[in-house]
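UniProt numbering applies: residue 1 is where the sequence shown begins, and numbers increase by one. For each residue, glycine too, the CB sits at the ideal point set by N, CA and C. What follows is a short report on a single structure.
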Amino acid sequence: MAAPAWLLDLTRLVSRQGKGVPTGIDRVERAYLERLMQVPEPLFGLVQTSVGFLLLDRAGCAAVANLARGRIAPPPATLFSRMVRRRDDGRARAEALLRRKAVARTIAAGLGRTLLRHLPEGARYLNVGHSNLSPSVMKALRRVPGLRIAVLVHDVIPLVHPEFCRPGTVEPFRRRMATVAAHADLVIHSAEATRAVTEAEFARLGRVPPGVTAPLGVDPPVPGRLPPDAVPRRPYFVTLGTIEPRKNHDLLLDLWARAAPAADLMVIGARGWADRATLARLDAGIPGVREIRGADDAEVAAWLGGARALLFPSRAEGFGLPAIEAAMLGCPVICSDLPVFREILGDKAVYVDPGDLYSWSEAVNRHILAANKNEDGDRVEGDRTCWPSWDGHFNKVLTVF
Numbered sequence: 001m002a003a004p005a006w007l008l009d010l011t012r013l014v015s016r017q018g019k020g021v022p023t024g025i026d027r028v029e030r031a032y033l034e035r036l037m038q039v040p041e042p043l044f045g046l047v048q049t050s051v052g053f054l055l056l057d058r059a060g061c062a063a064v065a066n067l068a069r070g071r072i073a074p075p076p077a078t079l080f081s082r083m084v085r086r087r088d089d090g091r092a093r094a095e096a097l098l099r100r101k102a103v104a105r106t107i108a109a110g111l112g113r114t115l116l117r118h119l120p121e122g123a124r125y126l127n128v129g130h131s132n133l134s135p136s137v138m139k140a141l142r143r144v145p146g147l148r149i150a151v152l153v154h155d156v157i158p159l160v161h162p163e164f165c166r167p168g169t170v171e172p173f174r175r176r177m178a179t180v181a182a183h184a185d186l187v188i189h190s191a192e193a194t195r196a197v198t199e200a201e202f203a204r205l206g207r208v209p210p211g212v213t214a215p216l217g218v219d220p221p222v223p224g225r226l227p228p229d230a231v232p233r234r235p236y237f238v239t240l241g242t243i244e245p246r247k248n249h250d251l252l253l254d255l256w257a258r259a260a261p262a263a264d265l266m267v268i269g270a271r272g273w274a275d276r277a278t279l280a281r282l283d284a285g286i287p288g289v290r291e292i293r294g295a296d297d298a299e300v301a302a303w304l305g306g307a308r309a310l311l312f313p314s315r316a317e318g319f320g321l322p323a324i325e326a327a328m329l330g331c332p333v334i335c336s337d338l339p340v341f342r343e344i345l346g347d348k349a350v351y352v353d354p355g356d357l358y359s360w361s362e363a364v365n366r367h368i369l370a371a372n373k374n375e376d377g378d379r380v381e382g383d384r385t386c387w388p389s390w391d392g393h394f395n396k397v398l399t400v401f
């Protein structure tokens, strides 16, 4: 049975305006928005702003989709937006645009009344960006009779591996997950391995909501063209992801500093909250290591298309999108031996202990040797048909919900 209406939380997409290349979670929220734009039922979007909430109709949601794809540029922020945001940044400009398009605006205390006034009984609320997971928002949503709540939980790494998280973020995350455990009618999981860990944490929080496992869809990468002088003359490897402790960049920096492989390493990704020592090593430079920041999807795909392998030594992951994108391009994957990688990659990767520098060195050198012999090594023709699709994801989620 079709839902009377859909309410998609779009707070994350709006908050990320002007902040560079979209993250994995940004892409998921964008994919949900673009899919729900195609359904016949009424569609609404919820956006928390600096001063309250905006409720958008389908036209307002279309504006968010256009902003997320860069198809439109928001106008200059209004004086009000600049006052509450204290600067004229991308988010302030996006909020200014959406205030003009909103069907309703409210302070936090009036959210329940606003939703009750505009949403039909039995509406479905989807939250895939981990925004607004608070008891007060859940209480406001429940003002709508028959409304059901679904949350996509990408992972619970802050609860399982707090040592890999930015100081001060673990307890707020725990409160958000406690809210999900208490209020969600459905939790969406991207992998069975991730689901097992997440539901174990929910059990500790007092309730395990009903769940569905639906692997995230992967858009086929479309490589761009790299400038000829950008590509190294030697074979090269790519490591892809935000530079932060759980991504384990230090292992690869140690490998290149100590073993000096006869190949280059492209470190692609934004600088996160990596410790100063890691960033200092990148700033000082290690022979054969090049840091690339701000690469768009086409540039990343081009780098992967020519790489000997993707090196993915993460110590914890919820899904592992870069590994799938690399495999789709025919780029070999050398990754940590994590249950979630075994589940999603199967026999299409080489698995190595994320703490075993020697084994990583052996795997890298084997691929270099194949390149020196003009062999393909483990490189295979990319197969774009055997990986999770967004159609499969949404068919499962929207049918269950």
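Boundaries (first-last residue) of the alpha helix (DSSP H) holding residue i
| i | result |
| --- | --- |
| residue 138 | 135 to 141 |
| residue 177 | 170 to 183 |
| residue 202 | 192 to 205 |
| residue 300 | 297 to 306 |
| residue 390 | 390 to 400 |
| residue 160 | 157 to 160 |
| residue 404 | As shown, the chain starts at 1 and ends at 401. That puts residue 404 outside it, with no answer to give. |
| residue 256 | 249 to 259 |
| residue 25 | 24 to 36 |
| residue 225 | Note, residue 225: premise wrong, no alpha helix (DSSP H); not H, not E. |
| residue 117 | 111 to 118 |
| residue 282 | 276 to 284 |
Local Cβ density within 10 Å of residue i, reported as buried at 16 or more and exposed below that
| i | result |
| --- | --- |
| residue 230 | exposed |
| residue 59 | exposed |
| residue 38 | exposed |
| residue 75 | exposed |
| residue 395 | exposed |
| residue 139 | exposed |
| residue 353 | exposed |
| residue 64 | buried |
| residue 277 | exposed |
| residue 107 | exposed |
| residue 400 | exposed |
| residue 136 | exposed |
| residue 397 | buried |
Residues bridged to residue i (per DSSP)
| i | result |
| --- | --- |
| residue 237 | 265 |
| residue 127 | 151 |
| residue 336 | 352 |
| residue 44 | 7 |
| residue 54 | 47 and 105 |
| residue 289 | 265 |
| residue 271 | 243 |
Spatially closest choice to residue i from the options, by CA coordinates
| i | options | result |
| --- | --- | --- |
| residue 342 | 202, 107, 318 and 295 | 318 |
| residue 159 | 171, 18 and 167 | 171 |
| residue 164 | 274, 353 and 178 | 274 |
| residue 299 | 225, 177 and 194 | 225 |
| residue 144 | 398, 269, 325 and 6 | 6 |
| residue 27 | 310, 199, 102 and 322 | 322 |
| residue 46 | 101, 251 and 19 | 101 |
| residue 18 | 69, 91, 156 and 3 | 91 |
| residue 242 | 233, 166, 219 and 133 | 166 |
| residue 182 | 94, 151, 115 and 113 | 151 |
| residue 237 | 360, 70, 168 and 174 | 360 |
| residue 175 | 66, 205, 162 and 23 | 205 |
| residue 219 | 393, 258, 265 and 43 | 393 |
Residues near residue i in its chain [Cβ-Cβ closer than 6 Å; skip 5 each side]
| i | result |
| --- | --- |
| residue 348 | 327 |
| residue 333 | 310, 323, 326, 327 and 349 |
| residue 239 | 252, 267 and 311 |
| residue 185 | 148 and 149 |
Proximal residues to residue i (C-beta, below 8 Å), its chain only, five neighbours per side dropped
| i | result |
| --- | --- |
| residue 329 | 221, 223, 301, 304, 305 and 382 |
| residue 25 | 12, 128, 129, 130 and 154 |
| residue 1 | The predicted position of residue 1 is uncertain, since its pLDDT is 48 and thus under 50; no value can be drawn from it. |
| residue 62 | 37 |
| residue 191 | 213, 215, 318, 319, 340, 343 and 344 |
Unbroken beta strand (DSSP E) run spanning residue i, endpoints
| i | result |
| --- | --- |
| residue 105 | 104 to 106 |
| residue 212 | 211 to 213 |
| residue 187 | 186 to 189 |
| residue 310 | 310 to 312 |
Interface flag, residue i vs chain C, CB-CB below 8 Å
| i | result |
| --- | --- |
| residue 18 | Absent from the structure: chain C. Only one protein chain is present. |
Own chain, CB closer than 7 Å to residue i, minus 5 neighbours either side, in chain order
| i | result |
| --- | --- |
| residue 31 | 217 and 390 |
| residue 363 | 334, 350 and 352 |
| residue 141 | 115, 125, 147 and 149 |
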